[in-house]
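Under this note's numbering, read the sequence shown as residues 29 to 107, first letter to last. Backbone N, C-alpha and C fix where the C-beta goes; we use that ideal spot for every residue, glycine too. These figures come from a predicted structure and were not determined experimentally.
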Amino acid sequence: MAMTVSDDTLAHARTLAAEIVATFGMTYMPIYKLLDDEIQKREQEAASIHAILSGHTALTPRAGRRKRERSFSERGARF
């Protein structure tokens with residue numbers, strides 16, 4: 029069974045590992061490196077998903093219409 033860990037928990041563990049390396053030396057560096065690699069992998073996956081979704085919404089006709097509409101300030105709206 030695979031165990032999942034939240035991004036916040038992983039980031040906290042990386043911070044703790046960095047403190048352990050700073051305190052006790054390079055012996056614990058592989059733990060920090062493992063956590064850092066996992067966080068970077070997740071950040072890259074999130075960026076890829078964001079790019080895909082951003083590109084997808086830009087291609088929909090509705091999104092195109094929204095882009096052409098003028099904002100309140102462009103229309104001279106007053107509140």
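The beta carbon of Arg-42 sits closer than 8 Å to those of Tyr-60, Leu-63, Asp-64, Ile-67, all from its chain and outside the five residues before and after it, given in chain order. In this structure, the CA atom of Gly-83 is about 45 Å from the CA atom of Thr-51. The three-state secondary structure of Gly-53, taken from DSSP, is coil.
Distance from the CA atom of Ala-79 to the CA atom of Arg-70, rounded to whole angstroms, is 14 Å. Setting aside the 5 residues that flank it on each side, Leu-38 is surrounded in the same chain by Leu-63, Glu-66, Ile-67, Arg-70, each with a C-beta closer than 8 Å to its C-beta; the list follows chain order.
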